[in-house]
Amino acid sequence: MAKGEGGCPGFLTALAPSPARRHLSRMKSTDPVLSHVLARLAADFEKTGRLLEATPVQHGLRLGFEENGRRAAGILYHSLKKHRLTWVPQPGSDERLAKLLSSAVAKRTGAGADSAPGGAGSPGEKGAALPRTTLPEAERKLARWIGTDEAGKGDLFGPLVVAGFLAEQSVRRELERLGVRDSKELSPGRIRELAEMLNRRWPKRCKVVPIGPERYNKWYAELAKEGKVGGINILLGWGHATAIKDLLEREERVEAVVVDRFGGEGRLKRYLPAGFAPRLLLRPKAEDNIAVAAAALLARDAFDRALDRMGNELGFRPHAGSGAPAQRDLKRLKAERPEDLARFVKLHFAPVRKML
């Protein structure tokens, strides 16, 4: 069977009654919630004489239909962790058909109904990936703000990457239309696609600060010699502050900076200029703020591209993380190119120290 997005079994099938039953039974073992919603939607469309198409994607279903040569589509995501359904209309859909499809999804799920002022059935505005009603009060009414996040903190191979994104309300709505959301709920391919869109459409709102392995290891060793603990948080503090300061140089009228808490708040503040004006809002799981979500996509994409470049040089692409696959890659690197460990891996990780 062909593979769909995110490695899911792929199919694109008009859900007439018989195929619908087959595919629904296939889905029940993987996501009974989506199975139930799909059954209802398929029946709704069948009553109107239309055929609903469905394709599994990571954490969701891509739904669509055609009429008189025109097409509408979108993705219905199901976050098992957050117990939430989210509807994200896809760009390029026919406006009238998009309204019909979004309205049908909202009727059965309510997904996105509170996400934007457009109300149920409003294409593009509906299905915001990150409903603002979940945000802390201090973040809900911000007119212009920066979000920052990082990638590579827990990975043996590759850089530590911090990224920032400068958002405002008009841009927020565009980000929602594109489907920007928590990167952990997106496939690597979708992360790359969205990151490319962000960099292409808003280059002055994006900032990526990579700290490559060689620089990382040198800096970490210097901090250890000075007896400073929590070296990685010091590096993160510098990275977040660098992204923030760069974006503030491009736009001074920023009300707040939202940071996904990493444990080094004091280190972050020490790298910010005296008289830092915007409110600094640090909290865990801040990816529900769309500026932080955008920053996370930028950071993750930069990290993944760094692993791609390593793969081109090494002849094998190192695995992300620090588990068994990455440790097998580490052993291979040690056997083939022991003199280059510091160029590719973070030397203070326990599996690396055991080899040295």
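Here the sequence shown is numbered in our numbering, starting from 80 and rising by one per residue. Ideal Cβ positions, reconstructed from N, Cα and C, are used throughout, including at glycine.
Those residues which DSSP pairs with residue i across a bridge
{"i": "T227", "result": "G243, V338"}
{"i": "Y156", "result": "G139, T165"}
{"i": "L361", "result": "V338"}
{"i": "T134", "result": "R141"}
{"i": "K457", "result": "With the chain running from 80 to 435 in the structure shown, residue 457 is simply not present."}
{"i": "A151", "result": "F144"}
{"i": "F236", "result": "V424"}
CB contact flag (residue i, residue j, <8 Å)
{"i": "V250", "j": "R284", "result": "yes"}
{"i": "R340", "j": "P363", "result": "yes"}
{"i": "P397", "j": "F423", "result": "yes"}
{"i": "F244", "j": "A374", "result": "yes"}
{"i": "R187", "j": "L120", "result": "yes"}
{"i": "D261", "j": "A378", "result": "no"}
{"i": "I323", "j": "L239", "result": "no"}
{"i": "D325", "j": "K286", "result": "yes"}
{"i": "L155", "j": "V116", "result": "yes"}
{"i": "L273", "j": "N368", "result": "no"}
{"i": "G318", "j": "V241", "result": "yes"}
{"i": "L327", "j": "E344", "result": "no"}
{"i": "L386", "j": "A403", "result": "no"}
{"i": "N296", "j": "L426", "result": "yes"}
{"i": "L176", "j": "R219", "result": "no"}
{"i": "R346", "j": "G306", "result": "no"}
{"i": "R163", "j": "E146", "result": "no"}
{"i": "L257", "j": "P170", "result": "yes"}
{"i": "A303", "j": "G309", "result": "no"}
{"i": "V259", "j": "L376", "result": "yes"}
{"i": "L351", "j": "A320", "result": "yes"}
Closest by C-alpha distance to residue i, when choosing among the options
{"i": "L314", "options": "R129, E392, R260, R349", "result": "R349"}
{"i": "P168", "options": "E216, R252, V241", "result": "R252"}
{"i": "E174", "options": "S158, A152, A185, L164", "result": "A152"}
{"i": "L221", "options": "A122, G354, E301, L359", "result": "L359"}
{"i": "M389", "options": "P267, G237, L426, K304", "result": "G237"}
{"i": "A335", "options": "W166, A300, G226, R163", "result": "G226"}
{"i": "R329", "options": "N147, A246, L131, V136", "result": "A246"}
{"i": "S114", "options": "P135, E145, D387, A242", "result": "P135"}
{"i": "I270", "options": "R384, R332, S172", "result": "R384"}
{"i": "V288", "options": "F382, S182, L351, L164", "result": "F382"}
{"i": "D110", "options": "W298, G258, S158, R150", "result": "S158"}
{"i": "F20", "options": "D123, L164, E305", "result": "Any answer about residue 20 is impossible in this case: the structure gives the chain only from 80 up to 435."}
{"i": "A183", "options": "L412, A303, K126", "result": "K126"}
{"i": "T165", "options": "Q248, L265, R432", "result": "L265"}
{"i": "V431", "options": "K178, S172, P292, A185", "result": "P292"}
{"i": "V333", "options": "G394, R416, Q248", "result": "Q248"}
{"i": "A217", "options": "D419, A365, A414", "result": "A365"}
{"i": "D419", "options": "L393, S401, K433", "result": "L393"}
{"i": "P267", "options": "D380, R294, P417", "result": "D380"}
* Asked: What are the complete alpha helix (DSSP H) segments, minimum 4 residues, inside the stretch 254-280?
  -> 267-280
* Indicate whether the contact test is met: 3 or more Cβ pairs, each with one atom in the stretch 229-245 and one in the stretch 130-146, closer than 8 Å. => no
* Asked: When the Cβ atoms of the stretch 269-281 are set against those of the stretch 392-409, are three or more pairs found closer than 8 Å?
  -> no
* What residue ranges within the stretch 297-355 form continuous alpha helix (DSSP H) runs of no fewer than 4 residues, ordered along the chain? -> 310-329, 344-350
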